[in-house]
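Each residue of the sequence shown is one higher than the one before, counting from 665 in this note's numbering.
A virtual CB, placed ideally from N, CA and C, is assigned to each residue, including glycine.
Each remark here refers to the structure printed beneath this line.
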Amino acid sequence: MGRARGRRWCVVTVQVAGEPLLKVNNRPIRDGRITGQVVATQVAVVALLIGALNGPVALLAGLVVAVALLVPAWLRVRGRWVFEWLGVAMRYGGRRHTAVASGLLGFVAPGAEVRPAELAGEPAAAITDGAGLTAVLELGDPTALLAEESPELPSPAVLLPAPATELPPVLIQLLLTGAPAPAVRTGAGLAASSYRQLTDGRLLGHGRALLTVRVLRAEGWSDEELYRSLSGLVRKLARRLSAVPARPLGAAAAARAIAEAGHDDGAAGCVESWPGLRVGGLVQATYRLRRAADLRVVMPRLLALPASATTVSLTAGPHSAQGPAPIDITVRLAAPDPATLAAADVALRKLVAVRRLDGEHLSGLAATLPLSGNRASQAADLPDGPLPPLAPAGLMLGVNRHGQPVIARLFRPEQTRALVVGGARCAQLLTLRAMALGARVVVQTARPQAWEQFVRGAAAHGESITMLPPGRPLETAPPGTAMRGTALPGTALPGTALHPLLVVVDVGSVGADKSADAGWQATLVVRDEFAAADVDAAAHADLLVLQQLRAEEATLLDGALGLGEVAGWMTRIRPDMVGVVHRRAVRWAVLAQTPIETQLLGNPGR
665 MGRARGRRWC VVTVQVAGEP LLKVNNRPIR DGRITGQVVA TQVAVVALLI
715 GALNGPVALL AGLVVAVALL VPAWLRVRGR WVFEWLGVAM RYGGRRHTAV
765 ASGLLGFVAP GAEVRPAELA GEPAAAITDG AGLTAVLELG DPTALLAEES
815 PELPSPAVLL PAPATELPPV LIQLLLTGAP APAVRTGAGL AASSYRQLTD
865 GRLLGHGRAL LTVRVLRAEG WSDEELYRSL SGLVRKLARR LSAVPARPLG
915 AAAAARAIAE AGHDDGAAGC VESWPGLRVG GLVQATYRLR RAADLRVVMP
965 RLLALPASAT TVSLTAGPHS AQGPAPIDIT VRLAAPDPAT LAAADVALRK
1015 LVAVRRLDGE HLSGLAATLP LSGNRASQAA DLPDGPLPPL APAGLMLGVN
1065 RHGQPVIARL FRPEQTRALV VGGARCAQLL TLRAMALGAR VVVQTARPQA
1115 WEQFVRGAAA HGESITMLPP GRPLETAPPG TAMRGTALPG TALPGTALHP
1165 LLVVVDVGSV GADKSADAGW QATLVVRDEF AAADVDAAAH ADLLVLQQLR
1215 AEEATLLDGA LGLGEVAGWM TRIRPDMVGV VHRRAVRWAV LAQTPIETQL
1265 LGNPGR
C-alpha cells in the first residue's frame, strides 16, 4: 500500500443527495474571487487615472477599460457574478453537446470504462477513469417483491472513512431516484384518477437507492493499491450497512444502472443545450441546493415531485486538512416535455432554494449518475444523523388490517412472473393500477369478450391496450424504441423503469414461464380456478395473488408451496380480499376498490 506521507492529496467531490438539516455553505472558497475582484478594481482605477492624465481620448479609453473590468467583476445576474457566467459560457462552448446512442458514459465521463473486478471477495465491477476507481452498490434487496418499510438510510458523511495514511482520498455518494404514482405521462386519465383516489398520491411508483464508493488517484498510489483500497472499503461498508442490504453490482448491472439513472434508452442519444438536456426522449434539468434544508422532511417530497422522475445525489468527501469535507447536493428532474418540466421546476423551487445549472447541465447529469466523479467547491457541516428511509415504491394491491398499503414491486430490473387465481375482474383491477404507474399492457386472451369493455374504458389517450389471440407469440420491438413510443402493430415496446411492460396471459392453464428474462416486464397469468395443471406455474411464480379459494384448491396450493395452515385460511378470507404470496411469506390485503374501479369493473370477487 502506498504511503500518504509527503503526498499532495487531490480534493474532489460530487454533487449530492439529501442530509438531515444539512448546513450548506453555498459560497465556494471566497479568497480567490475577492482577490480577483479587488485586482480588477485596482486596474480599473489605474486605467481611469492614466486616462485623466492624458486627455479626453485617453480618458474615454480608460473609461471603457474600467467598465469592461468592473461589470464582470461586480455585477450579479441570476445569483452569479458576470465573470462566473463568462467562465461557464467558455466551458460550454469548448465541449461537444451530443452523444451517439448508448454513449452516455463516454459523454459525461470521457475515457471511463466499466470493468469486471473482484471486490470484497465477490464478483463486482469497477468504473475506471483518469481520476480514480468507483464501485456501485445496490441498497435494499432488488429481488424482494413485497415492498416493506426500509431502515433509515445512512448519511454518506457518516460512512466516509476518517483521514488515514493507509487510504487514498475517498468519496461516498448516495443516489436516490423516485417516480411519482400515478405517472405524469398518464395525465388525468381513468387509471391515473382512480389510482390517485386509492393512494392520495402518497406512494412512489418507482424508487431506487444506490451507494457509490470512489477512491481517487494520488501520487504514490498504483492501480493495484487503489483496487485493494476500494475492495477493503466495500467490505467495511457492507458490514456497517447490516441494517440495509448492500450488494456490489457486476459489470453488466453497473452499466445498466448508469443508463437507467440517466433514463438513457440506448437509441435516442444525448443532447446538451444551455437550458437543459435531452436523454432517451426525456427533457431534463439539473439544480444545486443553495441553502440549508431539513432533508428528513424534504426528501420524500423531492422524490414525489410532478416529473417523470427525480434524482437526488449526495456525495461527501474527501476529508480536508482544514474544515469539513466538501459536500454538494444536486437534483435532476426528467419530464416528457418542456411544459411538464417547467411545472416541476416551479414545484421544486417552492420546496427548496436551488440554483439551476444553465450551461452546466452536463456536469449536473454526471453528478446525478452513480459515478461519484464531479469536483465540488462547496463545504458543509457533516451531519451525524441518518437520512429518512426510502419510501416503499411499487404497485398498491390493497390495504392490510391496519389500513397500511400492501405494495408489490411488480416491475424491477429483472422479469417478474405472477399468478392471479380468482378471475378476469381481479386481473383487470391490477392491470388498471399498473397502467397508472405508466405500464404498457398486452393482453393475450382466449375470451376477448371478457376484456373488450375493460379495454375500451381503460385505454389511455394516445395509447391503446394491445390484444393478442392465444398461440400468437409476443414480439418485442427493437431495443431503444421504448422512450420514443414507436412500435409496429402487434409488437410490444421493451419495458423501462419509467414505462414498464405488463403482459396479461388469460388463455387457461399454462406451464411455468421459461422465457428469457426481460427487465421491467411482468407476466400476469390469470386463472379462474386453480387446478393440478397450474401447480408448475405456481411453484415457479415470483408472486401469487389469490382470492378466496375452494378447499380442493387450497389443498393443491399447499402441496405446491408448503404453506401449511395458511392455505386453509385462504378458504375463509372475504371476497374483496387477496392473499399475496412471495417466498412463502404471505400478506393479506383488502382490494379497497375506488369508485372509478367499481364503476368500470363491478364486484371483483370470484
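Taking the beta carbon of Ala1110 as the centre, do at least 16 other beta carbons fall within 10 Å, making it buried, or is it exposed?
Burial call: exposed.
For Arg1191, list the residues DSSP reports as bridge partners.
DSSP lists Val1085 as partners of Arg1191.
Through-space distance from Asp1001 to Gly933, alpha-carbon basis:
Computed Cα separation, rounded: 16 Å.
In whole angstroms, give me the CA-to-CA distance for Val1171 and Gly1228.
Distance between the alpha carbons of Val1171 and Gly1228: 29 Å.
Taking all protein chains shown into account, do 16 or more other C-beta atoms lie within 10 angstroms of the C-beta of Gln639, making it buried, or fewer, making it exposed?
For the chain, the structure presents residues 665 to 1270; residue 639 sits outside this window and is missing.
Bridge partners of Met1060, per DSSP?
According to the DSSP secondary-structure assignment, Met1060 is paired through a beta bridge with Ile1071.
Report buried or exposed for Ser858, applying the criterion of at least 16 other Cβ atoms within 10 angstroms of its Cβ.
Around the C-beta of Ser858, 16 or more other C-beta atoms lie within 10 Å, and the residue is accordingly described as buried.
Compute the beta-carbon to beta-carbon distance between Leu801 and Gly842, rounded to the nearest angstrom, for a pair I have assumed lies under 8 Å.
Not quite, the Cβ-Cβ distance comes to about 19 Å (not below 8 Å), so this is no contact.
Got a sec: does the ligand FAD put a non-hydrogen atom nearer than 8 Å to the Cβ of Leu897?
In terms of ligand content, the structure shown is empty, and the ligand FAD therefore cannot be addressed.
Per-residue burial, Val961 [other beta carbons within 10 Å of its own, 16 or more giving buried]
Exposed: under 16 other Cβ atoms inside 10 Å.
Check whether the Cβ atoms of Arg1019 and Arg744 sit closer than 9 Å, and answer yes or no.
Yes, Cβ-Cβ distance for Arg1019 and Arg744 is below 9 Å.
Rounded to whole angstroms, how far is the Cβ of Ala773 from the Cβ of Leu783, which I believe are closer than 8 Å?
Not a contact, Cβ separation roughly 20 Å.
Could you please give the first and the last residue of the uninterrupted beta strand (DSSP E) stretch that includes Val1018?
For Val1018, the enclosing beta strand (DSSP E) covers residues 1018 to 1020.
Check the DSSP bridge columns for Ser937 and list the partner residues they point to.
In the DSSP output, where bridge partners are listed per residue, Ser937 has Gly940.
Grab the span of the beta strand (DSSP E) containing Gln861 for me, first residue to last.
No beta strand (DSSP E) contains Gln861, which is instead part of the alpha helix (DSSP H) from 854 to 863.
Selection from Val834, Met754, Arg1097 that minimises the alpha carbon distance to Leu797
The residue with the shortest Cα to Cα distance from Leu797 is Val834.
Distance check for Pro787 and Arg911, CA to CA, integer angstroms please.
The alpha-carbon atoms of Arg911 and Pro787 are separated by roughly 10 Å.
Using three-state DSSP, classify Met1131 as helix, strand or coil.
Met1131 falls in the strand class under three-state DSSP.
If you draw a straight line from the alpha carbon of Thr1130 to that of Pro1137, how long is it in whole angstroms?
Going by the C-alpha atoms only, they are around 13 Å apart.
Determine the DSSP secondary structure at Arg1136, reduced to helix, strand or coil.
Of the three classes helix, strand and coil, the one that applies to Arg1136 here is coil, per DSSP.
Hey, could you find the ends of the beta strand (DSSP E) Val908 is sitting in?
Taken as a continuous stretch (DSSP letters only), Val908 belongs to no beta strand (DSSP E), as it is neither H nor E.
Out of Ala1203, Glu830, Ala826, state which residue places its alpha-carbon closest to the alpha-carbon of Ile836.
The shortest C-alpha separation from Ile836 is found at Ala826.
Give the straight-line distance between the Cα atoms of Gly1269 and Pro1239, rounded to the nearest whole angstrom.
Between the alpha carbons of Gly1269 and Pro1239 lies a gap of roughly 5 Å.
Integer Cβ distance of Arg1089 from Leu1265, believed to fall under 8 Å:
That belief holds up - the Cβ atoms of Arg1089 and Leu1265 are roughly 5 Å apart, short of 8 Å.
How big is the Cα-Cα spacing for Gly871 and His1025?
When the Cα atoms are used, Gly871 and His1025 turn out to be separated by approximately 23 Å.
Buried or exposed: Pro982, going by 16 or more other Cβ atoms within 10 Å of its Cβ?
It counts as buried.
With DSSP run on the structure shown, which of helix, strand or coil describes Val1354?
Limits of the chain in this structure are 665 at one end and 1270 at the other, which puts residue 1354 out of reach.
Can you give me the C-alpha to C-alpha distance between Val721 and Gly715, rounded to a whole angstrom?
In a straight line, the C-alpha of Val721 is about 8 Å away from that of Gly715.
Count the other CB atoms, across all protein chains shown, that sit within 10 Å of the CB of Ile698; report buried if there are 16 or more and exposed otherwise.
Flag for Ile698 reads exposed.
Out of Thr1004, Leu897, Ala873, Val935, which one is the CA nearest neighbour of Ser814?
The shortest C-alpha separation from Ser814 is found at Ala873.
So, for Leu823: in the same chain, excluding its five sequence neighbours on each side, which residues have a beta-carbon less than 7 Å away from its beta-carbon?
Short of 7 Å from the beta carbon of Leu823, and not among the five residues preceding or following it, lie these beta carbons of its own chain, in chain order: Ile836, Leu901, Arg904.
What residue does the beta strand (DSSP E) around Leu769 start on, and which one ends it?
It is not in any beta strand (DSSP E) - Leu769 instead sits in the alpha helix (DSSP H) that spans 768 to 772.
Rounded to whole angstroms, what's the CA-CA distance from Val1242 to Ala1082? Just pull it up for me.
Approximately 14 Å between the Cα atoms of the pair.
Could you tell me the alpha carbon to alpha carbon distance between Ile1071 and Ala1098, rounded to whole angstroms?
Straight-line measurement puts the Cα of Ala1098 at about 12 Å from the Cα of Ile1071.
With which residues is Thr994 paired in a DSSP beta bridge?
Note: Thr994 sits in a beta bridge opposite Arg952, Ser977.
For Leu750, which of His761, Trp738, Arg760 has the nearest alpha-carbon?
The option with the nearest alpha carbon to Leu750 is Trp738.
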